[in-house]
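Trainee:
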Amino acid sequence: MQPSAKAEYACVAMLELAARYPEKRPIRVADIAQRHNISDRFLVQILLALKYAGLVESVRGAAGGYTLSRPPETITLYDILQVTDPTHKVENQDGRSHLSPFFRQLQGVWLRVRQAEEQVLKQLTLADLVAQCEGPQYVI
């Protein structure tokens, strides 16, 4: 799986919000964009989509910005990808039964791969990933 740039930027922004979740204060779009070298304008569009999906909340004003709408332990990568890459779904290719047995066999393989991928994405929460990033860093 190779997510779109939009999906990857959304995941990075959500991880940034998750890492700062304990601070209980909004994070400005410009701060996220600058820290991760993402276009401000593109990031605003992404965060608006995440807001409409109920994953983030916005706070207006000088001290405004975005926060997660719920704890990072309850938001998975799958949740984010459903907003940013809605075409990324497990689909059964039953309508292609007219294909040769080799094609049908491959369709079954692709379906199993997508199902396994979906299972992993549903298990990984923002909190899990932030914890892994904050773990020990060894330099050799």
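The letter at position 54 of the sequence shown is residue 179 when you use the working numbering, and the numbering goes up by one with no holes.
Virtual Cβ for every residue (Gly too), placed ideally from N, Cα, C.
(1) Taking only the alpha-carbon atoms, compute the straight-line gap between R229 and L236 and give it to the nearest angstrom.
(2) Near K247, what residues of its chain come up, given a Cβ to Cβ distance below 7 Å and the 5 sequence neighbours on each side ignored?
(3) Measuring only the C-alpha atoms, how far is P147 from D165?
(4) Using CA atoms only, rank isn't needed, just tell me which of Q207, P211 and Q170 is closest to Y191.
(5) Which first and last residues belong to the alpha helix (DSSP H) in which T192 is found?
(6) Secondary structure at I171, three-state DSSP: helix, strand or coil?
(7) From E133 to G186, what distance separates their C-alpha atoms?
(8) Using a Cβ-Cβ cut-off of 9 Å, state whether P128 counts as contacting chain D.
Mentor: So, from the listed chains and residues:
(1) As a working mapping, residue 229 is identified with position 104 in the sequence shown. As a working mapping, residue 236 is identified with position 111 in the sequence shown. Distance between the alpha carbons of R229 and L236 is about 11 Å.
(2) Residue 247 sits at position 122 when you count from the first residue of the sequence shown. Result list for K247: T201 and Y203, in chain order.
(3) Here residue 147 is taken as the residue at index 22 of the sequence shown, counted from 1. Here residue 165 is taken as the residue at index 40 of the sequence shown, counted from 1. Taking the Cα positions, P147 is about 24 Å away from D165.
(4) Position 66 of the sequence shown, counted from the first residue, corresponds to residue 191. Residue nearest to Y191 within the set Q207, P211 and Q170 is Q170 (criterion: CA-CA distance).
(5) Within the sequence shown, residue 192 is the residue found at index 67, counting from 1. Careful: T192 lies outside any alpha helix (DSSP H), inside the beta strand (DSSP E) at G190 to L193.
(6) The count along the sequence shown starts at 1 and reaches residue 171 at position 46. I171: helix per DSSP, three-state reduction.
(7) Numbered from its first residue, the sequence shown carries residue 133 at position 8. Numbered from its first residue, the sequence shown carries residue 186 at position 61. Near 28 Å, if we compare the C-alpha coordinates of G186 and E133.
(8) Absent from the structure is chain D; it holds one protein chain and no more.
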